[in-house]
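Chains as they are written, first to last, in my numbering: chain A, 11 to 557; chain B, 428 to 743.
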């Protein structure tokens, strides 16, 4: 059955792209040739044929026992993210045996249940005659889709039997309703007797008790104050104890320091004694023997002794120093802000770029930030009629021009914009002045460079005017100097970009240098556009002449 | 270039489709986490500074706004408490809002008005749904419920009256046709959440998506397996992307790296300009439909900048 329904759909999608968008699913394809067929194909519909390998992967995925336990909507979402089309996903679901009509392990979330029923509705509608859905020509909410096909089917059947069935149904229905009401009434009465009355009694008892307690409380209030005073005293005592303890710690630290210093002093003393000892030994030996090799050996020993005695000192100092350096380096590395996996993390992460960690901390503690006001933003009159528009809708720039036209479309739009502003406000408001210039420059550009004028050049023109070098005394030398530069430029550009761009770039450079060399007072950006165009054309001609 | 300081953190800015000198800014207190919101209506003056036409206060933050394409006085605000509020600028603030539509169960993250039919608008919410409304009805016309995570953005196609796209945290873009019961296309555009999408105004099958993975991808819906272009350059998640209403190949985007970037996706080296005028997350950006090259941006640094492309937004 599955393979049979596959092949006609595959044929349909490849043979008849003209059919309308209602042909999304590949269920019984014959009925799709109904009134819904629009003359032009919609580009917003997937017209790919089903990929069998993708469907197979999806079937394997769905057959996995762990996947079976997850809600349907997550399985669909996963497959969608993997790039499967709707048809492929539906086909996979159809192939996997025993697809759950509703969620097997339904999460308690109401929204998810809604989603699952939606998905099951979609799933069911895929297997039902799609043409009938189209015929009904309504835009119902998704859950009602499941009801519609059976309703339509029943409507297509014999109407008379339905009519009598309906009347019988009515009677039966009312009997049932009455019965249910009676039972519920009896049930509530029972509930009242069993639950409510004792509750009332206990409530009354509670009230009475409360009154007694209130009286007791009043009596015990002074004791409360005493207790609080005692607690405060205890807290103060504890604080003083803590202070004492910290004081003691500080003292002990000082003592330790002193001990350490004393130890150092003793070591120094020992060192000195050793020195003097060795000196005396040397003297003695020097007296007994002559000065010679031994002195060197002793000197080395002496040095070694010095080193060994000094080592622990330096090591101790070094350890002390390394400690704080290490600790200061770790926050520096931690300050590398983590790349937020989702933008929500940026708000909730305590470090890094998020400026609002403070707010989140307050929210988590349950506090309300102090600057929030209570505002009633409900409409004072929900039936307030809308005011009449004072202006007719304005045409969009892309509506006035044919599609895919990069530059020519601006002309009309710009004219309407400019003229409107001229009527109403001061001539040339700051945002219009620039606008006019841009279009005029680009008009010239369209004349000179018809296509693929890169946008990169525009900011060069607008924001940076190359400073004019002093007029050149020897234009020939300047030209000679210029030539190798232009060739280098050409090489660089062709390495990276298209040839067309490269030639344009070099022409521009030549143009710019030409203007500056001529020592003219004209700039690229400023001045009147009319002069610009003639200048540019002139320079171009000059440029071509030179070559 | 003029600057406007808002009391709260900026979330969205949109130019009016009727008046060149008018724009609206949606702001939320305490970065939109908890607090009030304010909708500012601003006017650009030819002499320089931005003046405030008025503002509306809401009890919860405002995440997005859209202007009506039919009535120059109507603004629709997407509120963080799940409601959608409609404001009429011809009425004083005491008579506003004129409607409060509360159907979403979670924050409404975006609103978009249909530029072709001019009678309906979409709202997308963190409750995974997109809702279709008309101005005259008190309840939604339709609810589109297929995404499995927050829907961050919904955008109408500028040439087809019934087609729109939605970008969601479930990492897919969905193309919908209002006449169809379910989505017509599912594009698994990124590996991470997609925060924004927009259609190309001049190429009806070209759509742009911006994601937490710091990239902007340009897609052709006729061949959606491979993106037409991938624009890298932002240092953090790209929060909003908009296609230029005047140039087919230009896209503007704003990001959590505090910059606003202008791209030309048809060119190898796509980044045209980078504006780093904000000192906090740049969250909202818009290009004017009526004035070519005019753009506005806002961010959590409580500033709204309006400038011409090519000029420094911070220049006086």
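Backbone N, C-alpha and C fix where the C-beta goes; we use that ideal spot for every residue, glycine too.
Reducing DSSP to helix, strand and coil, say where residue 73/A ends up.
Helix.
Measure the Cβ-Cβ separation of residue 90/A and residue 65/A and say whether it is below 7 Å.
No, the pair does not count as a contact, with Cβ atoms beyond the cut-off.
Strictly under 7 Å for the Cβ-Cβ distance: is residue 388/A near chain B by that measure?
With 7 Å as the cut-off, residue 388/A counts as an interface residue toward chain B.
For residue 408/A, decide whether its Cβ has a neighbour in chain B, counting only Cβ atoms nearer than 7 Å.
Answer yes: the Cβ-Cβ gap between residue 408/A and chain B drops below 7 Å somewhere.
When you compare only the Cα positions, how much space is there between residue 409/A and residue 542/B?
Each residue's alpha carbon lies about 11 Å from the other.
Here's the rule: buried if 16 or more other CB atoms are within 10 angstroms of the residue's CB, otherwise exposed. What is residue 278/A?
By the 10 Å Cβ count, residue 278/A comes out exposed.
Distance cutoff 7 Å, beta carbons only. Does residue 520/B sit that close to anything in chain A?
So, not an interface residue.
If the criterion is Cβ atoms closer than 7 Å, does the pair residue 538/B and residue 550/B meet it?
Contact: yes.
Report yes or no: is there a C-beta of chain A within less than 7 Å of the C-beta of residue 498/B?
By this cut-off, residue 498/B is an interface position.
List the whole-angstrom C-beta distance separating residue 463/B from residue 379/A, where the pair is believed to meet the contact cut-off of C-beta under 8 Å.
Actually they are not in contact, since the Cβ atoms of residue 463/B and residue 379/A sit about 11 Å apart, beyond 8 Å.
In chain B, what lies closer than 8 Å to residue 93/A by C-beta?
The contacting residues are 615 and 652.
I'd like to know whether the C-beta atoms of residue 741/B and residue 704/B end up nearer to each other than 7 Å.
Against a cut-off of 7 Å, the Cβ pair of residue 704/B and residue 741/B comes out as a contact.
Relative to the C-alpha of residue 594/B, which candidate in 605/B, 586/B, 607/B and 616/B has its C-alpha closest?
The shortest Cα separation from residue 594/B among 605/B, 586/B, 607/B and 616/B belongs to 616/B.
How many Å lie between residue 100/A and residue 576/B at the Cα?
Roughly 21 Å between the two C-alpha positions.
Could you name the residues of the segment 477 to 509 of chain B whose beta carbon sits closer than 7 Å to any beta carbon of chain A, in the order they occur along the chain?
For the segment 477 to 509 of chain B, which is checked against every Cβ of chain A, the residues closer than 7 Å are 484, 485, 486, 496, 497, 498, 499, 500 and 501.
Would the segment 392 to 407 of chain A count as touching the segment 516 to 533 of chain B if we require 3 or more Cβ pairs under 8 Å?
With a cut-off of 8 Å, the segment 516 to 533 of chain B and the segment 392 to 407 of chain A count as touching, because enough Cβ pairs lie within range.
Counting only Cβ-Cβ distances shorter than 8 Å, please list the residues of the segment 524 to 540 of chain B near chain A, keeping chain order.
Cβ contacts with chain A come from 524, 525, 526, 527 and 532.
Using the beta-carbon count (16 or more within 10 Å), is residue 269/A buried or exposed?
Exposed, because fewer than 16 other Cβ atoms sit within 10 Å of the Cβ of residue 269/A.
Roughly how far, in whole angstroms, is the beta-carbon of residue 442/B from the beta-carbon of residue 466/B, given that I think they are within contact range, below 8 Å?
About 15 Å separates the two Cβ atoms, so there is no contact after all.
Pick from 449/B, 440/B and 461/B: whose alpha carbon is nearest that of residue 376/A?
Checked all of 449/B, 440/B and 461/B; the closest Cα to residue 376/A is 461/B.
Along chain A, which residues have their Cβ under 9 Å away from the Cβ of residue 475/B?
Per Cβ cutoff of 9 Å: 440.
Assign residue 85/A to one of three DSSP states: helix, strand, or coil.
Residue state, collapsed to three classes: helix.
Check whether the Cβ of residue 577/B lies closer than 7 Å to any Cβ atom in chain A.
Answer no: the Cβ-Cβ gap between residue 577/B and chain A never drops below 7 Å.
Where residue 638/B and residue 623/B are concerned, what is the direct C-alpha to C-alpha distance, given to the nearest angstrom?
Approximately 7 Å between the Cα atoms of the pair.
Would you list the residues sitting across from residue 467/B in a DSSP beta bridge?
Answer is 452/B and 482/B.
If you draw a straight line from the C-alpha of residue 684/B to the C-alpha of residue 72/A, how long is it?
If you take the alpha carbons of residue 684/B and residue 72/A, they lie about 40 Å apart.
So, does the CB of residue 698/B fall closer than 7 Å to a CB anywhere in chain A?
Not an interface residue.
Mind listing the chain A neighbours of residue 648/B? Cutoff is C-beta to C-beta under 7 Å, in chain order.
Those are 53 and 54, listed as they occur along chain A.
Using a cut-off of 9 Å between C-beta atoms, extract the partners of residue 681/B located in chain A.
Going along chain A, no residue has its Cβ under 9 Å from residue 681/B, so there is no contact; the nearest lies around 13 Å.
Name, please, each residue of chain E whose Cβ falls closer than 9 Å to the Cβ of residue 597/B.
Of the protein chains in the structure, A and B, none is chain E.
Assign residue 398/B to one of two classes, buried (16 or more other C-beta atoms within 10 Å of its C-beta) or exposed (fewer than that).
Look at the range of chain B in this structure, 428 to 743, and you will see that residue 398/B is not part of it.
Under the rule that 16 or more other beta-carbon atoms within 10 Å means buried, what is residue 257/A, buried or exposed?
Exposed, because fewer than 16 other Cβ atoms sit within 10 Å of the Cβ of residue 257/A.
Spell out whether any CB of chain A is found under 7 Å from the CB atom of residue 740/B.
No, because no Cβ of chain A sits closer than 7 Å to the Cβ of residue 740/B.
Using only CA atoms, which one of 387/A, 215/A, 53/A and 243/A lies nearest to residue 389/B?
Since the first and last residues shown for chain B are 428 and 743, residue 389/B lies out of range.
Tell me, please, whether the CB atom of residue 394/A is closer than 7 Å to any CB atom in chain B?
Judged by the 7 Å Cβ criterion, residue 394/A is in contact with chain B.
What would DSSP say about residue 536/B, mapped onto helix, strand or coil?
Strand at residue 536/B.
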